[in-house]
Amino acid sequence: NSFAIVIHGGAGNGIVPENLNEEKQKVYKDKLQEALNAGYFVLEKGGKSIDAIQEAIKVLEDSPLFNAGKGAVFNSEGNQEMDASIMDGKTLNSGAVAGINHVKNPILAARMVMDSTKHVMLSGKGAERIMEKLGLEMVDSSYFFTSNRYNQLKRLQGNQTRVVNTSNENILNDNKYG
Amino acid sequence: TVGAVAIDKQGNIAAGTSTGGIANKKYGRIGDSPIIGAGTYANNITCGISCTGTGEYFIRTVAAHEVSNLIQYKNTHPMEALHEVIFNQIAPLGGEGGMILLDKYGNVFWDFNTKGMFRGYKKSTGDNVIEIF
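Protein sequences, first through last, are from chains A and B.
If you count the first sequence from 1, position 125 lands on 145 in this note's numbering, and the numbers rise without skipping.
If you count the second sequence from 1, position 26 lands on 815 in this note's numbering, and the numbers rise without skipping.
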């Protein structure tokens, strides 16, 4: 009757010690621990794994530290479009949403698709219309804005018009566009 | 991108992934995170997986399902399966990223070919680990 939860908050070449001093690392580690605890709490009470991962991911979506929910990155037009999916290993039942930006917690939308529709994936306006009808918490897209991510977009787009400073590996790594 | 995989007291596994995608992506671009079998997969027979990285390559290699298949049909060790897909299938195409895996015995595995990945696990055995690099 053992149980366990594992989480991630993203992988990247920008995740290097020179970009993350001890203080910043502690901020990230505390938030990861909060997400782990939220999921573990569900499992400890005998709850389902599908509910546990939902609670853990909600904590990370609500934090501006990670590229999901609040703090999501921006597309080339300066907007945020979020995607999410969820899957139950017992029934192989699954739910997914793509290209949404008015649902506060995209993982809840994916769960709603899985539980409340006969589909696996819904996208864009169609997805948002159903989520609103099903009573999911909707927010103005400005809720997801963070200046960090917006500045990242401006930096990337600025670099596209300038010769990239190839001597600085971190800048180079941030330019995944050739 | 964020993700989670859990196994409950009934032995059921679930996996989930949520993301804003890639910075400066084209309008309408969708990565692997919402695609079952690519960025997210769960099957009580083998494991649960959540991926993060340059989604296009995780889609093309059907990464999460590929790892699960290696375990299920070739009896590959989960760590080896992760390494095979990330380093021998995704990396040669130019992709980068990482995966977390929880198998049906409650064992945790993760691997990535970038410089860091925010990750952690907590088990009923008392283990509680959080790592970044």
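Think of the CB as a built atom: it goes at the ideal place given N, C-alpha and C, for glycine as much as any other residue.
Bear in mind that the values here come from a model prediction, so they are computed numbers and not experimental data.
Residue nearest to Glu869 (chain B) within the set B:Glu845, B:Gly844, B:Phe901 and B:Tyr910 is B:Phe901 (criterion: CA-CA distance). As computed with DSSP, His28 (chain A) is found in a beta bridge with B:Gly792 and B:Arg908.
For the region 155-172 of chain A, the beta-carbon criterion of a distance under 9 angstroms to any beta-carbon of chain B is satisfied by Phe164, Arg169 and Gln172. Ser822 (chain B) carries a coil assignment under DSSP once its states are collapsed to helix, strand and coil. The way I'd put it, the region 34-46 of chain A doesn't touch the region 149-163 of chain A; fewer than three beta-carbon pairs between them come closer than 8 angstroms.
The Cβ atoms of Lys893 (chain B) and Gly800 (chain B) lie closer than 8 angstroms to each other.
The beta carbon of Glu920 (chain B) lies closer than 6 angstroms to those of Arg908 in the same chain, with the five residues before and after it left out. Using a CB distance cut-off of 8 angstroms, Glu148 (chain A) does not count as an interface residue toward chain B. Secondary structure within the region 798-884 of chain B: the beta strand (DSSP E) runs of 3 or more consecutive residues, fully enclosed, are 802-808, 829-832 and 836-842 (chain order). In summary, Val918 (chain B) is exposed, with fewer than 16 beta-carbon neighbours lying within 10 Å of its beta-carbon over all protein chains present.
Leaving aside the five residues that flank Asp50 (chain A) on each side, none in its chain has a CB nearer than 8 angstroms to its CB. The beta carbon of Pro84 (chain A) lies closer than 7 angstroms to those of Lys90, Gly91 and Thr166 in the same chain, with the five residues before and after it left out.
Here Arg818 (chain B) has Gly810 as same chain residues with Cβ atoms under 7 angstroms from its own Cβ, once five neighbours each way along the sequence are excluded.
Around the beta carbon of Ser22 (chain A), a 10 Å sphere encloses fewer than 16 other beta carbons of the protein chains shown; the residue is thus reported as exposed.
A check of alpha carbon separations from Asn832 (chain B) across A:Gly178, A:Leu52, A:Val123 and A:Ile106 identifies A:Ile106 as the nearest.
Contact of Phe876 (chain B) with chain A is not assigned, every C-beta pair being separated by 8 angstroms or more. Short of 6 angstroms from the beta carbon of Leu173 (chain A), and not among the five residues preceding or following it, lie these beta carbons of its own chain, in chain order: Phe94.
When Cβ-Cβ separations below 8 angstroms define contact, Ala793 (chain B) makes contact with chain A. Using a CB distance cut-off of 8 angstroms, His28 (chain A) counts as an interface residue toward chain B.
For a Cβ distance threshold of 8 angstroms, residue set Phe922 of chain B lies close to Pro37 (chain A), ordered along the chain. For Ile848 (chain B), the closest alpha carbon among the candidates B:Thr790, B:Ile860, B:Gly837 and B:Gly884 is that of B:Gly884. Chain-order list of chain A residues neighbouring Met868 (chain B): empty, with the shortest C-beta distance near 14 angstroms, by a criterion of under 8 angstroms.
When the beta-carbon positions are compared, Arg131 (chain A) and Gly109 (chain A) stay at least 8 angstroms from each other. Contact between the region 61-79 of chain A and the region 792-807 of chain B is present: 3 or more CB-CB pairs across the two stretches fall below 8 angstroms. Going by beta carbons, Gly30 (chain A) and Thr790 (chain B) fall inside the 8 angstroms limit. Annotation: Pro823 (chain B) to Val26 (chain A) spans about 19 angstroms, alpha carbon to alpha carbon. About 14 angstroms separates the CB atoms of Ala24 (chain A) and Ser839 (chain B); that is not less than 8 angstroms, and the two are not in contact.
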